[in-house]
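The opening position of the sequence shown corresponds to residue 43 in our numbering, with each subsequent residue numbered one higher.
Note that beta-carbon positions come from the ideal geometry of N, C-alpha and C, so glycine has one too.
Model, not experiment: these values are computed from the prediction.
Below you'll find the structure, written out as structure tokens, and then a few comments.
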Amino acid sequence: MKTNRVADRISKWKQSAGQKRLVLAGLRMATLSLALIELAFDPPESSYLSPAVIAAVAIIYSGFKLVHPLRWYTSPLPRRVLHSADILVSAVLLLAPRLMHTSFALYSLNPVVVSAMLFRPRATVLTAGATAAYYAANFFSFPLADSMQNLSSMFASYVVALGLAAVLPYAVNFDTRRRIESGAISGERLRLGREIHDGVCQAIYGLRLELHLLRREAGHRRRIESRLGHVEALLDVAESEARGSIALLRSFRNGEPLLTQIDRSLKRLGSETGIRCRLEADGEPDIDEVVKLEVVTITEEALRNVARHSGARQVAVRARSVNGHLRVCIADDGRGMAGAGLKEGHGLTVMKERAESVGGNLNVASVPGQGTEIRVEVPRKWFPEIQTARQ
43 MKTNRVADRI SKWKQSAGQK RLVLAGLRMA TLSLALIELA FDPPESSYLS PAVIAAVAII
103 YSGFKLVHPL RWYTSPLPRR VLHSADILVS AVLLLAPRLM HTSFALYSLN PVVVSAMLFR
163 PRATVLTAGA TAAYYAANFF SFPLADSMQN LSSMFASYVV ALGLAAVLPY AVNFDTRRRI
223 ESGAISGERL RLGREIHDGV CQAIYGLRLE LHLLRREAGH RRRIESRLGH VEALLDVAES
283 EARGSIALLR SFRNGEPLLT QIDRSLKRLG SETGIRCRLE ADGEPDIDEV VKLEVVTITE
343 EALRNVARHS GARQVAVRAR SVNGHLRVCI ADDGRGMAGA GLKEGHGLTV MKERAESVGG
403 NLNVASVPGQ GTEIRVEVPR KWFPEIQTAR Q
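Following this line, the structure appears as structure tokens:
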């Protein structure tokens, strides 16, 4: 069932990424067609490059932009190179004529729209700013036949178009994205809660009833009695874990600050176990709700492990933002774990999967007798199409 859900999520992410690529390809082809038509019917009187060369460069580069894979955007260096090249080529096409010619004015907006649809707002602002600054510097540096009033009007119109290209994709998609994220989180939480309650808890209750009947029938046999007591103890642990998971799913609150939720978990741990708890942070991080859900769940699971297995006297949670990522460290002074436990023990595999599901990673450092430290690093902003490309 879990595999099917993951496959379904990946399928939806790929569909979303494909739709964005289709929209961007359509926009680039439309602006290229308009530019070539204007270039054919109204060629510039003077130009650094001939109209044929300008058209050839535009066609070849546009073809490349239509076929390059989305995965090239998943690492910082190729992403910056591709984006810088897009801005540069668009600027060259726009400014190739000695006298300003507007054939590729709309085409030059493509890098801004790409940034607005695939990247964070800061990248879009930088892209739009660089495009506008380069355009302005060259726009006013050449002798123009038009009056200054017409020149200013043309430039103002371009700046308005540039702003709309940068803002509209966010304005259109912001509410939809947040609504989808919020709905996905709430739906997943409730669904998992029902599954645990209707499945695990009911099964445990049934097993407990069967054990009670067996004890009545075989009460005179001490060995059976001992084994039944052991099984019953295991059921107590399983039931406690299941109910703890339900409590976690119910306690997560959309919109509530991350540090508030972690602090509440630490206070609960301290009151229930007597372990000294502290939270260290450099301010409330700005993270998406999907990322926050996974961080809260990982932290809660790590704290439950501290309570159940570590024998620790104190635990500290440290959170800090670094270069667009959030780093969270959960450290205790308990008994630690050996090598085998570091690989598979205490739900570590599930915690790693949670971190990786939002493009992050999780590492564990532990020395027997010296405590355990779990380090989580996740991007503060969640971009499912980029995560899909990595898969």
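Gly389 and Glu342 have their C-alpha atoms spaced approximately 12 Å apart. The C-beta of Asn152 has 16 or more other C-beta atoms within 10 Å across all chains shown, which makes the residue buried. Between Ile372 and Leu345, the C-beta spacing is below 9 Å. In this structure Asp328 is exposed. Its beta-carbon is surrounded by fewer than 16 other beta-carbon atoms within 10 angstroms. DSSP places Arg346 in no beta strand (DSSP E) but in the uninterrupted alpha helix (DSSP H) bounded by 331-347.
Cβ contact annotation for Leu253 (same chain, cutoff 7 Å, sequence separation greater than five): Leu270, Val273, Glu274, in chain order. For Ser363, the uninterrupted beta strand (DSSP E) run begins and ends at 356-364, by DSSP. Apart from sequence neighbours up to five positions away, the residues of its chain that approach Ser399 with a beta-carbon distance below 7 Å are Glu336, ordered along the chain.
Per DSSP, Ile416 is one residue of the beta strand (DSSP E) stretching across 414-421.
Nearest to Pro421 by C-alpha distance, out of Ala323, Val370, Asp128, Val99, is Val370. Each residue's CA atom was taken as its position, placing Asn405 and Lys394 some 8 Å apart.
Between Gln412 and the set Leu368, Asp305, Glu419, Ser352, the nearest pair of CA atoms involves Ser352. In the three-state DSSP reduction, Ile317 falls in the coil class, being neither helix nor strand. From the listed residues Val392, Ala397, Ala72, Met379, the smallest Cα separation to Glu415 is found for Met379.
Judged by beta-carbon spacing, Ile317 lies beyond the 9 Å limit of Arg396, meaning their Cβ atoms are not closer than that value. Counting only residues of its own chain and dropping the five nearest sequence neighbours on each side, Thr315 has a CB closer than 8 Å to the CB of Ala349. Per DSSP, the unbroken beta strand (DSSP E) holding Arg369 starts and ends at 367-374.
Of all alpha-carbon atoms in Glu331, Ser150, Val123, Glu322, the one lying nearest the alpha-carbon of Pro299 is that of Glu331. Here the alpha carbon of Gly68 sits roughly 12 Å from the alpha carbon of Val156.
A check of alpha carbon separations from Asn347 across Leu81, Met71, Arg362, Val392 identifies Val392 as the nearest.
Ile79 and Leu124 have their C-alpha atoms spaced approximately 27 Å apart. Scanning its chain for C-beta atoms nearer than 7 Å, with the 5 sequence neighbours on each side dropped, one finds around Leu81 the residues Pro93, Ile96, Ala97, Ser145, in chain order. In terms of Cβ geometry, Leu301 and Val357 do not form a close pair [threshold 9 Å]. Here the C-alpha atom of Leu76 lies approximately 11 Å from the C-alpha atom of Phe83. The three-state secondary structure of Ser408, taken from DSSP, is strand. In the DSSP assignment, Ser399 falls within the alpha helix (DSSP H) that extends over 390-399. Only buried fits Asp375, as 16 or more other CB atoms lie within 10 angstroms of its CB. With respect to Val131, Val167 sits apart: the two C-beta atoms are not nearer than 9 Å. The C-beta distance from Leu321 to Val359 rounds to 5 Å, short enough to fall under 8 Å.
Closest in alpha carbon position to Asp324, among Ala127, Ala361, Ile304, Lys309, is Ala361. Between Val338 and Ser307, the C-beta gap is smaller than 9 Å, which places the two residues in contact.
By the neighbour-count criterion, in which 16 or more other beta carbons inside 10 Å mark a residue as buried, Gly171 falls on the exposed side.
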